[in-house]
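Protein chains in written order, with my numbering: chain A, -2 to 434; chain B, 559 to 774.
This report refers to the structure that appears directly beneath it.
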Amino acid sequence: MAFIVFLCFLLPSRGTKFSIFAACNLFFVALMFGAVGLIDLAGGRAEIMVAIMTELPVVLIVAWVCLALAGGLPSRFGTLPAEPVARRPWLRTLLVSAPLVLGVSVGLATVVGLVWPSPAMRVYAPAPPQFFVLKALMMAPEGLYSGIASVVFVMAGWTPGLKRRFYYKNLAFSVGMACIALIAVESTIFAGSRVWFSGDGGRALLKTLNTLEACLAIVCILAFIAGLSLRYTPTVAATLLYRLQSGWLHAQEEFESHEWQAVSSGAADRLAHASRAVVEACHLRGLSTSHTERALATIRLVAVMRDPSSETQNITPDAARKLYELQQEILCDDVLASKISWAAGWRSRPHEPQTVKSAPLHDALKAALELVDNDVESEGERTPPLWYYIVAVSAADAKMIDPAQVSKQLRDGPEHRAAVEAYDSAKRSLRRIEDRD
Amino acid sequence: MRVEVPRRDLTGLFLDRLAVLWRPLRNLGAAQTRVEGTRSLLTAAEFQEELAILGLSGRRFEPEDYSDALADYLDISIVVHVIPDSWYPELSRLLALSGRLGELRYSEPMNLAAILVPGSLPPLVLTLTILHELGHLAAGDLLIDPDDQSAEDDPELEEATFGTLPLKKGKKLARGYPFARESLREREANLRASYALFAGCLGDDSPHAYDMYDVL
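Laid out in structure tokens, this is it:
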């Protein structure tokens, strides 16, 4: 029944490696019980072998779960341990030992069963004490590891701030593993009852225990199905994250650090004066800090891109365009663009963190490319902000770009005139300060 | 990065002398570096395990939180100095000319690591530089014996695993030993920095954090 439920409802919708493994085990158990129904089992040893074979799938499932929790499965089945296990090395060691301990216990039980055969498959028949030893050898480690796994699932689900779906998922698996642990305890008591209790009283106890085991098995299967059915898709896929890391982050870090190195080592010698004039002009026109930052970032980029020295060779229009395109890719995804942020400084929580969109670099790249690269397509009849005009005037004045090209591009409108006026005032003001010093 | 070794008493001095005598004898049998084993570069999943150990897996965190958690785990003090250009104008120029973005100093006797970065660095580069230096501390790169470092030949990118070195003493966060080649240690510190930045931004939206709560 469990196999059919798994096959019909779970596998088509949620085919994890574990669910496929569990389905195979359930199929094996179904085959074993079918064979027992069809073949007449004569002799204690045959019964022992069948009893062990029917128990083996449960042992394998417990071993798989323990290894999965410890992150000990082969890499193609997943390598990460459960969060509570990662923080406790001793727990990891304990869980990793599950396959070995369970394997040894099954081996020992098989030896005991073959040396002292008992009616293992006749449910209510009286059994010798060796049968209890056989059962206890298998059930004690199975119950122990299932119990530990159940507690680990609870710990994983209990993590503060965890999404509700993970909480219910881990809770469901915890219930499933707790049921296996209880079945192990119940099976041991059942075996003891067959050894030490006889008559009507003993039979009634065995029937009650049998019903309990069936109920626990049903709850266990349902809990696992519930746990496996609860799905959660992360907002950002691992492949996208890898692409961002090796593409955008790498490109931006390299670009900005090369630019900083070029500026700090004094390669772009025309920059110092031009940037001071730009800041002063922005201040005179009452522009906001964010606009002034954009203007400053743009004039720096233009200066570095137009500098012929070897220190600036990595900051080219091509590199700037590539980075701008990578940033545009991120900005196409609103959720991602809002999530990826970095602090504006060390221990500067009161300040808003920067994002790809809010950082001055994005607008500066576009503006610098428009000023430096004559082939770049401008966006129709869009009117650029005033800071752009100020940068253009400053860059033309510092001979970083062709003044005739700037005049043609800015069409001598009111913003252009305002920028020229602000820039001239800024230069005069700076000259006065220099003369005074 | 710079490592300041502790000053020792007379016994320490004697042991140092003995170590100096022992080193050539040890190297007689091994012409190459004393390699501890091999391993591949850190993956995002392995870094997530490190975050779980620090109690940061599945949480949004700032580089400061990572630094504090790492300091607690390693049982050392980590101080980050962002030095404004106006305080020490030569720092940016000297670092830029040397092709570096920051400096990590470690004092064993004081259990103190100091990270120096110029304040003029762009914010993203500043964050990544600090995380890069913290990555060296997490990897235990400062705990290897300088004499054990291998010659800097270009690592073959086709290689899947690279040689590592044993540690002198001290605690590290990483499961594997530091790489013998300095270029690989730098590459891994870069990887750690980028993993940390994304993990801190995404919190439990990170696919690797999600894997730790959905093992089946």
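For each residue, glycine too, the CB sits at the ideal point set by N, CA and C.
Would you kindly work out how many angstroms separate the C-alpha atoms of residue i and residue j, rounded to a whole number?
{"i": "B:GLU620", "j": "B:GLY758", "result": "6 Å"}
{"i": "B:GLU744", "j": "A:PRO71", "result": "29 Å"}
{"i": "A:ARG228", "j": "A:ARG162", "result": "8 Å"}
{"i": "B:MET770", "j": "A:ALA416", "result": "56 Å"}
{"i": "B:LEU614", "j": "B:TYR624", "result": "8 Å"}
{"i": "B:LEU731", "j": "A:SER285", "result": "44 Å"}
{"i": "A:ALA235", "j": "A:LEU91", "result": "30 Å"}
{"i": "A:ALA95", "j": "A:LEU131", "result": "19 Å"}
{"i": "A:SER102", "j": "A:GLY69", "result": "20 Å"}
{"i": "B:GLU622", "j": "A:TRP343", "result": "7 Å"}
{"i": "A:ASP432", "j": "B:SER644", "result": "22 Å"}
{"i": "B:LEU695", "j": "A:LEU298", "result": "34 Å"}
{"i": "B:GLY657", "j": "B:LEU686", "result": "15 Å"}
{"i": "A:HIS255", "j": "A:PRO357", "result": "17 Å"}
{"i": "B:TYR646", "j": "A:GLU326", "result": "39 Å"}
{"i": "B:THR591", "j": "B:GLU740", "result": "The pLDDT assigned to B:THR591 is 46, lower than 50, so where the model puts this residue is not dependable; a value taken from the coordinates is nonetheless given after this. Spanning the two alpha carbons is a distance of roughly 13 Å."}
{"i": "A:LEU407", "j": "A:ILE430", "result": "30 Å"}
{"i": "A:ALA223", "j": "B:LEU632", "result": "41 Å"}
{"i": "B:TYR768", "j": "A:PHE221", "result": "19 Å"}
{"i": "A:LYS424", "j": "B:ALA654", "result": "29 Å"}
{"i": "B:ALA754", "j": "B:HIS766", "result": "12 Å"}
{"i": "A:LYS363", "j": "A:LEU320", "result": "10 Å"}
{"i": "A:PRO157", "j": "B:ASP763", "result": "15 Å"}
{"i": "A:SER287", "j": "A:ALA278", "result": "14 Å"}
{"i": "B:LYS726", "j": "B:PRO736", "result": "11 Å"}
{"i": "A:GLU253", "j": "B:PRO681", "result": "10 Å"}
{"i": "A:ALA32", "j": "A:VAL26", "result": "10 Å"}
Measuring alpha carbon to alpha carbon, tell me which of the options ends up nearest residue i.
{"i": "A:LEU293", "options": "A:LEU268, A:ALA316, A:ARG282, A:LEU179", "result": "A:LEU268"}
{"i": "A:GLN258", "options": "A:ALA340, A:ILE218, A:GLN310", "result": "A:GLN310"}
{"i": "A:TRP339", "options": "B:ASP699, B:ALA751, B:ALA610", "result": "B:ALA751"}
{"i": "A:ALA211", "options": "A:SER226, A:LEU237, A:GLU183", "result": "A:GLU183"}
{"i": "A:PRO138", "options": "A:PRO114, A:THR156, A:VAL55, A:GLY189", "result": "A:VAL55"}
{"i": "A:GLY189", "options": "A:TYR121, A:TYR420, A:LEU28", "result": "A:TYR121"}
{"i": "B:ALA602", "options": "A:ASP331, A:ASP399, A:VAL47, A:THR76", "result": "A:THR76"}
{"i": "B:ASP782", "options": "B:ALA672, B:PHE720, B:LEU612", "result": "In the structure as shown, chain B starts at 559 and stops at 774, and residue 782 of chain B therefore has no counterpart that could be examined."}
{"i": "B:LEU652", "options": "A:THR289, A:SER261, A:ASP330", "result": "A:SER261"}
{"i": "A:ALA67", "options": "A:ASP360, A:TRP87, A:LEU53, A:THR51", "result": "A:TRP87"}
{"i": "A:LYS354", "options": "A:CYS329, A:ALA419, A:ALA32", "result": "A:CYS329"}
{"i": "A:SER143", "options": "A:VAL93, A:ARG318, A:SER272", "result": "A:VAL93"}
{"i": "A:VAL332", "options": "A:GLY104, A:PRO78, A:VAL233", "result": "A:VAL233"}
{"i": "B:MET668", "options": "B:PHE605, B:LEU755, B:GLN606, B:VAL637", "result": "B:VAL637"}
{"i": "B:GLY595", "options": "B:ASP763, B:SER650, B:GLY734, B:ALA610", "result": "B:GLY734"}
{"i": "A:ILE312", "options": "A:MET174, A:ARG273, A:TRP384, A:GLU250", "result": "A:GLU250"}
{"i": "A:ALA214", "options": "A:GLY110, A:MET174, A:ALA248, A:ALA393", "result": "A:MET174"}
{"i": "B:SER678", "options": "B:HIS690, B:LEU670, B:VAL640", "result": "B:VAL640"}
{"i": "A:ALA181", "options": "A:LEU427, A:GLN242, A:LEU209", "result": "A:LEU209"}
{"i": "A:VAL112", "options": "A:VAL149, A:GLU44, A:ARG85", "result": "A:GLU44"}
What's the call for residue i, buried or exposed, on a 16-neighbour Cβ count within 10 Å?
{"i": "A:ILE280", "result": "Inspection of the sequence shows that residue 280 of chain A is occupied by His rather than by Ile. Exposed, by the Cβ-count rule."}
{"i": "A:TYR239", "result": "exposed"}
{"i": "A:PRO81", "result": "buried"}
{"i": "A:ILE177", "result": "buried"}
{"i": "A:ARG303", "result": "buried"}
{"i": "A:ALA419", "result": "buried"}
{"i": "A:VAL442", "result": "Look at the range of chain A in this structure, -2 to 434, and you will see that residue 442 of chain A is not part of it."}
{"i": "B:LYS535", "result": "In the structure displayed, chain B extends from 559 to 774; residue 535 of chain B sits before or after that span and is not available."}
{"i": "A:ILE36", "result": "exposed"}
{"i": "A:LYS336", "result": "buried"}
When the cut-off is 8 Å and only beta carbons count, does residue i lie next to chain A?
{"i": "B:GLY734", "result": "no"}
{"i": "B:LEU755", "result": "yes"}
{"i": "B:TYR624", "result": "no"}
{"i": "B:ALA747", "result": "no"}
{"i": "B:GLU744", "result": "no"}
{"i": "B:ILE702", "result": "no"}
8 Å is my cut-off, CB to CB: does residue i come that close to chain B?
{"i": "A:TYR229", "result": "yes"}
{"i": "A:VAL369", "result": "no"}
{"i": "A:GLY263", "result": "yes"}
{"i": "A:GLU349", "result": "no"}
{"i": "A:PRO71", "result": "no"}
Return yes when the C-beta of residue i is under 7 Å from any heavy atom of the ligand GDP, and no when it is not.
{"i": "A:THR295", "result": "Absence of the ligand GDP is noted for the structure shown, with no ligands found whatsoever."}
Query raised in the report: Taking Cβ-Cβ distances below 9 Å as the criterion, which residues of the region 685 to 696 of chain B are in contact with chain A?
Result: Within the region 685 to 696 of chain B, the qualifying residues are THR685, LEU686, THR687, ILE688.
Query raised in the report: Listed in chain order, which residues of the region 164 to 185 of chain A have Cβ atoms closer than 7 Å to some Cβ of chain B?
Result: LYS166, ASN167, PHE170: these are the residues of the region 164 to 185 of chain A whose beta carbon lies less than 7 Å from some beta carbon of chain B, given in chain order.
Requested in this report: Pull out every residue of the region 626 to 642 of chain B whose Cβ sits closer than 7 Å to any Cβ of chain A, in chain order.
Outcome: Flagged, chain order: VAL638, VAL640.
Report task. Mind checking the region 333 to 345 of chain A against chain B and listing, in chain order, the residues whose C-beta falls within less than 8 Å of any C-beta there? Result -> Answer in chain order: LYS336, ILE337, SER338, TRP339, ALA340, ALA341, GLY342, TRP343, ARG344.
Requested in this report: Taking a Cβ distance cut-off of 8 Å, strictly less, list which residues of the region 37 to 66 of chain A are near chain B, in chain order.
Outcome: For the region 37 to 66 of chain A, which is checked against every Cβ of chain B, the residues closer than 8 Å are VAL62, ALA65, LEU66.
Query raised in the report: Quick one, which residues of the region 298 to 328 of chain A are near chain B if we go by CB-CB under 7 Å, in chain order?
Result: Answer set for the region 298 to 328 of chain A: empty.
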